[in-house]
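Participant: Quick note: the sequence shown uses my numbering, first residue 878, plus one each step. For glycine and all other residues, C-beta sits at the position ideal for the given N, C-alpha and C. Sharing a structure with you now.
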Amino acid sequence: MNNGYLKVEHAQALTGQVELVGAKNAVLVIIASLVLTAGKSVLHNVPVSADVLEMIELLRHLGAVIFFDTEKHMLTVDTSLVRSWTVSSTIMQKTRASILIMGALLARFGKAHVGLPGGDAIGKRPIDYHVKNFAKMGVSIRSEADCLYAEVDMLSAARIILEYPSVGATENILMAATRAHGVTKIINAACEPEVLDLIAVLQKMGARIVVETPATIIVEGVDFLHPVEHHIMFDRLEAGSLLMAVAATGGEIYLSQASADLLDVVLLKLEEMGHSITVGSDGKGIHLKATSTPQAVSFKTGPFPGFPTDLQAPMMALQCLATGTSIIEETVFENRFHHAYELQKMGASIKIEYNKAIVTGVEYLYGTQVSASDIRASTALVIAGMIAHGTTTVLGVHHWKRGYEALEKKLQHLGAVISLHEADVLHGPLPGIQKEQATP
Ligand code: EPU
């Protein structure tokens, strides 16, 4: 955590083209999966964001030798010397994705002694699906204080039915199943593109995996997995955030690397707002030209291919100035509306009723000091800052840095007036904040 802030001024129409980085939610689990192998793997298109650096530290702690060429976004990970299956609570607490090391450690060593994971304040985020399904695969799990002690002699294949298609649980079970004895079936599995990128990596390692409709992943355990070279898929959430930032400011953008099939419902909703979207004939390359009279749209988050929960907050920012009323239903996390209260501070008209936010478009938003509670809340507040009058100061900037590699620079490139300040906010007034009147 740090005390930095983002300073955002009202923006003109953002215009231009930018390159997308690799997907944070794919690379985190893919780095963890390298523990399944003993040897040197190379990952390309790895974003330099704080969560990625934390996952690298976690692997180093286990004994991996890692070189990160941040200029080339190339990560070399040698797992030959990984001998440990223990990760302290301090390291596990740094991210939520740390829990994904469990499946890989159980597959390689039959043991995982790990602290409980950390993560965003977006809901309770239990790990019961992970734990109870590892148990189905023969793992005995003891929990003591804030640590889990998981052990198994030989992982056995199982018929796993997920009551909800959890991304993390699917990934953890999948990694464990690659070395289990027999054929594991994961029914009602998450089929997010990031899960499919993990499957592509596991298949390159030599794992036997088939994905069947509807949402079933079949894994036949093998004795050995070998190191890989892989290009991480583009970050559809960075792409969606950029499209929304540009749409909000009435601009125009072309994302050559983005493919429409990973953003279909998002594009549909942007079109319903009145924005014009064109996609290359092969489905690749997304061009957005914003309307100057956006209409409010309602939407509901859901597992892929539904509207991604990770784009709910930025899309809410767009509804604040749109004409009409938007009903936003969050179905993935039970507490992911913190940004709504911050948007209210900027003048937005939002009513929260259980898991629904009802946003009625207003004429203006006003810059003020707001605080981001998670990665995507920070995106929402930055977008709101760009369409608000005056200066917006976004605190909680460590969330921004966890999820994005210098997204503020890409926004600057498109014409935004935004700057990231690492300064300690406790020392001195923040921009956009009125100094208290001196009492006479
Ligand atoms: N859930 C349980 N029990 C479990 C696991 C999940 O009840 O054992 C519940 C969660 O509490 C939540 C729902 O299931 O209500 C979905 O959670 P899921 O497990 O799918 O989420 P995750 O794996 O923890 C990943 C992404 C999130 C993204 C969600 C949903 C990573 C590292 N994180 O989290 O990304 O929102 O899937 O798509 O892949 C972000 O990037 O900002 C972010 C939060």
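Could you tell me the distance, in whole angstroms, from the CA atom of glutamate 1052 to the CA atom of methionine 1014?
Facilitator: Note that residue 1052 is methionine in the sequence shown, not glutamate. Straight-line Cα distance between these residues: approximately 12 Å.
Participant: Are the Cβ atoms of tyrosine 1006 and glutamate 1115 separated by less than 8 Å?
Facilitator: No.
Participant: Could you check what DSSP says for serine 1158 in three-state terms: helix, strand or coil?
Facilitator: coil
Participant: Could you check the C-alpha separation between lysine 1222 and valine 1174 for me, to the nearest Å?
Facilitator: 22 Å
Participant: Report the three-state DSSP secondary structure of serine 1203 (helix, strand or coil).
Facilitator: strand
Participant: Reducing DSSP to helix, strand and coil, say where histidine 1152 ends up.
Facilitator: coil
Participant: Going straight from the alpha carbon of glycine 1117 to that of valine 1143, what length do you get?
Facilitator: 7 Å
Participant: May I ask you to check if the CB of asparagine 902 is nearer than 7 Å to at least one heavy atom of ligand 2?
Facilitator: Of the ligands this structure carries, namely ligand 1, none is ligand 2.
Participant: Can you give me the Cβ contacts of isoleucine 907 inside the same chain, cut-off strictly under 8 Å, excluding the 5 residues immediately before and after it?
Facilitator: Leu920, Asp1074, Leu1075, Val1078, His1107, Ile1109
Participant: Please determine, among Gly992, Ala984, Leu936, Val1105, the residue with the shortest C-alpha to C-alpha distance to phenylalanine 1011.
Facilitator: Distances from the CA of phenylalanine 1011 to each of Gly992, Ala984, Leu936, Val1105 were compared; the closest alpha carbon is that of Ala984.
Participant: Apart from the five residues on each side of it in sequence, which residues of its chain come closer than 8 Å, Cβ to Cβ, to glycine 1083?
Facilitator: Val1099, Phe1101, Leu1102, His1103
Participant: Is any non-hydrogen atom of ligand 1 found closer than 7 Å to the C-beta of proline 1191, if you look at the structure I gave you?
Facilitator: no
Participant: Give the DSSP-derived three-state secondary structure of alanine 1234 in the structure shown.
Facilitator: Strand, per DSSP.
Participant: Report the CB separation of glutamate 1206 from threonine 1178 in whole angstroms; it is logged as a contact under 8 Å.
Facilitator: 7 Å
Participant: Quick check on the burial criterion: 16 or more other C-beta atoms within 10 angstroms. Buried or exposed for tyrosine 882?
Facilitator: buried
Participant: Determine the direct distance from the alpha carbon of leucine 1139 to that of threonine 1126, and round the result to whole angstroms.
Facilitator: 23 Å
Participant: What would DSSP say about phenylalanine 1181, mapped onto helix, strand or coil?
Facilitator: Coil, per DSSP.
Participant: Would the C-beta of histidine 1103 count as close to ligand 1, meaning under 7 Å from any of its heavy atoms?
Facilitator: no
Participant: Bridge partners of threonine 1172, per DSSP?
Facilitator: The question names threonine, yet the displayed sequence has glutamine at residue 1172. According to DSSP, glutamine 1172 bridges with Thr1200.
Participant: Where do the ends of the beta strand (DSSP E) carrying alanine 1135 lie?
Facilitator: 1129–1136
Participant: Would you list the one or two residues that DSSP bridges to alanine 989?
Facilitator: Ala1027
Participant: From which residue to which residue does the beta strand (DSSP E) around arginine 1002 run?
Facilitator: It is not in any beta strand (DSSP E) - arginine 1002 carries neither H nor E in the DSSP assignment.
Participant: For the alpha helix (DSSP H) that tyrosine 1218 lies in, which residues bound it at each end?
Facilitator: 1215–1222
Participant: Check this for me: beta carbons of aspartate 1141 and proline 1171, under 8 Å apart or not?
Facilitator: no
Participant: Give a single yes or no on whether aspartate 1005 has its beta carbon closer than 7 Å to a heavy atom of ligand 1.
Facilitator: yes
Participant: Please state whether the Cβ-Cβ distance between aspartate 1030 and threonine 972 is less than 8 Å.
Facilitator: no
Participant: Just how far apart, CA to CA, sit glycine 1059 and glutamate 1211?
Facilitator: 36 Å
Participant: Do you know offhand how far glutamine 1246's Cα is from lysine 884's?
Facilitator: 9 Å
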